[in-house]
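Q: Sequential numbering from 64 applies to the sequence shown in this note's numbering.
C-beta: ideal position from N, C-alpha, C; glycine also.
Below: one structure in structure tokens.
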Amino acid sequence: MKLKPMADRVLLKPTEAEETTASGIILSTANKEKPVISEVVAVGPGDKDNEMVVKPGDKVVVGKYTGTEIKLDGQDYTIVKQSEILAIVE
64 MKLKPMADRV LLKPTEAEET TASGIILSTA NKEKPVISEV VAVGPGDKDN
114 EMVVKPGDKV VVGKYTGTEI KLDGQDYTIV KQSEILAIVE
């Protein structure tokens, strides 16, 4: 199934968090927090007031509780407005 965001919306896929520390300690997955860095999967066309700056493949920083979470084909995604993206990771 394909999903295309509308207007100035962006579809994000959370990046996998590290499960081991630098010293080799394995972290529990039971109390993982939502990742803050996500990958842009799809971008809406924008609207007359908002030109789209992000593009598919960009890594971005979003707020911890930002957006609407959905599950599609067994994968978790988040849909946010472009204005809710805090930064692009280069």
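Among the residues of its own chain, which have a CB less than 8 Å from the CB of LEU5, if the five just before and after it don't count?
A: There is simply no residue 5 to check, as the chain begins at 64 and stops at 153 in what is shown.
Q: My output table needs one value for SER146: the three-state DSSP class, helix, strand or coil.
A: As a first step, residue 146 must be located in the sequence shown, where it is residue number 83. Here SER146 sits in helix by DSSP.
Q: Where do the N-terminal and C-terminal ends of the beta strand (DSSP E) with ALA70 fall, by residue?
A: The count along the sequence shown starts at 1 and reaches residue 70 at position 7. Per DSSP, ALA70 belongs to no beta strand (DSSP E) and is neither H nor E.
Q: Taking the Cβ atom as the reference point for each residue, do VAL117 and VAL106 lie within a distance shorter than 7 Å?
A: Position 54 of the sequence shown holds residue 117. Position 43 of the sequence shown holds residue 106. Taking 7 Å as the Cβ cut-off, VAL117 and VAL106 qualify as a contacting pair.
Q: Rounded C-beta distance between GLN145 and ASN113? I'm assuming under 8 Å.
A: To locate residue 145, count along the sequence shown from 1; it is residue 82. To locate residue 113, count along the sequence shown from 1; it is residue 50. Confirmed, about 6 Å.
Q: Give the DSSP-derived three-state secondary structure of ALA85 in the structure shown.
A: Stepping through the sequence shown from its first residue, residue 85 is reached at position 22. Three-state result, ALA85: coil.
Q: What would DSSP say about LYS127, mapped onto helix, strand or coil?
A: Counted from its first residue, the sequence shown places residue 127 at position 64. Of the three classes helix, strand and coil, the one that applies to LYS127 here is coil, per DSSP.
Q: With a threshold of 16 other CB atoms inside 10 Å of the CB of ILE148, please say whether the residue is buried or exposed.
A: Numbered from 1 along the sequence shown, position 85 holds the residue referred to as residue 148. Buried.
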